[in-house]
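Here's the structure we're looking at; comments come further down.
Numbering (our numbering), first residue to last: 36 to 242.
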């Protein structure tokens, strides 16, 4: 087992002195473990595993434990999506493009970028504050679909259900929370609205 500890130290460029200083493990404990060529106790194995970011199984055996094979568990292939800042789920708010931030998500999501939801106006659609919403770029969405929309001359952005009535030159953005009023744009006010795209998926932390 000492060989595994030594291997990890060499790979990470960490000396035994540094390990002991940063973990509080006595150097004599490591020395005794090495000279007697015995396995360390579980407490020390846990401390080493936590320090190096590996499993206790690896410390004890040199191998990671294989996960069980289950019929309803499938591996996820990931792809990187650019995140363009926050989008309001409430009152419209300024959004900026931060193209140096990315979110990893499944390749089955057909989106071009994502935004971080802020607020509670879309809770009826299960989109909560802090969720990542994936957007597919398109200039218009069907009535009733959720869209990311920039309003007020591209200084504010919001996520709402969109309803557009061409014959009336009327666009309505509806929240999924009765506490919020509709956002209504008509005639010349439509020039203040720019649709970023359709919300196709969202990613939420377990709460």
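Backbone N, C-alpha and C fix where the C-beta goes; we use that ideal spot for every residue, glycine too.
Self-check item: Segment contact flag, the region 224 to 238 with the region 187 to 207, C-beta cutoff 8 Å, min 3 pairs
Solution: yes
Quiz item: Should residue 181 and residue 238 be called a contact, given that it needs their Cβ atoms to be closer than 8 Å?
Solution: no
Quiz item: The beta strand (DSSP E) spanning residue 139 covers which residue range?
Solution: 137 to 141
Exercise. Please check the pair residue 119 and residue 140, which I expect to be a contact at CB under 8 Å, by giving their CB distance rounded to whole angstroms.
Key: Not confirmed; about 15 Å, so no contact.
Quiz prompt | Spatially closest choice to residue 60 from 78, 121, 164, by CA coordinates | solution = 78
Quiz item: Are there 16 or more other CB atoms within 10 angstroms of the CB of residue 161, so buried, or fewer, so exposed?
Solution: exposed
Quiz prompt | Contact belief for residue 155 with residue 212 at Cβ below 8 Å, rounded distance in angstroms | solution = 6 Å
Quiz item: Using a Cβ-Cβ cut-off of 6 Å (strictly less than) and excluding sequence neighbours within five positions of residue 199, which residues of its own chain qualify?
Solution: 206
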